Amino acid sequence: MQNHSLKAALQNACRSIEDNISLMQQRLAEVKEKIVEGCKNVLADFKERGTVALNGIARFLHLRPALEAVRQSAEYNQKENSQSMAKIDAFVSEYHETGKHLKNMRLALMGKEPVQEARSAGRIAACVKAPYRASRACMGAMEKGALKAMDALDRLEKAAERRPSVLKAMKEQAPKAEPAKERQTPSQDKGSR
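Adding 274 to a residue's 1-based position in the sequence shown gives its number in the numbering used here.
Right, here's the structure in full:
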């Protein structure tokens, strides 16, 4: 019976992790589609307007909302995995306390000293927690990657805001520019100078 319940718990844990992975794959596919579509729009706009079109590239690509969704989902999954591991620890603790009490009842019937400490979590508990620990680590890496990408977007936007558009400056200066005055060429005669 214990093997059956352990197997069911591991299967449920694996299904849960597979669901989380498939959800993250869908979100990453959405981000990829938005990036491809946004790149096409940016390229067409760049051909039309020049470097001015690159200002505000994150809005064209809709990257910030997508990265924020990935970050939030990863954070939520990390919390969910931590809660599941805490439940496993609580179950293991109660299981070993019950085992201690049963053993003490047997020892009392035999007239021996009772056991004071319960066993600690063993290999089975570690095996049950392993998928949650791995998933939590992956989600942590995804969250860090999303935060890093959002910081890079912030730096890119700030750099784009600071740089004045060369094309815009050239267009503004074109009407102001006066035609160059023609210089008189010196004559070849020394006497006519």
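The C-beta atom is built at its ideal place from N, Cα and C for all residues, glycine as well. Given the structure is predicted, the values throughout are model-derived calculations rather than measurements.
Opening and closing residue of the alpha helix (DSSP H) in which residue i lies
i, result
"His336", "First-last for His336: undefined, no H or E at that position."
Proximal residues to residue i (C-beta, below 7 Å), its chain only, five neighbours per side dropped
i, result
"Val366", "Ala395 and Ala399"
"Lys377", "Val389"
"Arg345", "Glu417, Ala420 and Leu421"
"Ala340", "Glu304, Val305 and Lys308"
"Ala360", "none"
Residue i in three-state terms, based on DSSP
i, result
"Ala282", "helix"
"Ala392", "coil"
"Lys386", "coil"
"Glu354", "helix"
"Ile291", "helix"
Cutoff 8 Å; reference residue i; Cβ partners in own chain excluding five residues on either side
i, result
"Leu337", "Val305, Lys308, Ile309, Gly312, Ala423 and Leu427"
"Ala392", "Ser367, His370, Glu371, Gly373 and Lys374"
"Leu381", "Glu387, Pro388 and Val389"
Same chain, Cβ closer than 6 Å to residue i, five either side skipped, listed in chain order
i, result
"Met413", "Ala348, Asn351 and Gln352"
"Glu446", "none"
"Leu280", "none"
Closest residue to residue i among the options (Cα-Cα distance)
i, options, result
"Ala283", "Gln447, Glu446, Glu342 and Ser358", "Ser358"
"Gln285", "Arg380, Asp363 and Tyr406", "Tyr406"
"Cys401", "Arg289, Glu342 and Ile362", "Ile362"
"Glu342", "Ala404, Arg301 and Cys288", "Arg301"
"Ala287", "Ala382, Ala318, Lys403 and Asp319", "Lys403"
"Asn294", "Ala448, Pro449, Ala408 and Ser279", "Ala408"
"Glu354", "Leu280, Asp319 and Ala411", "Ala411"
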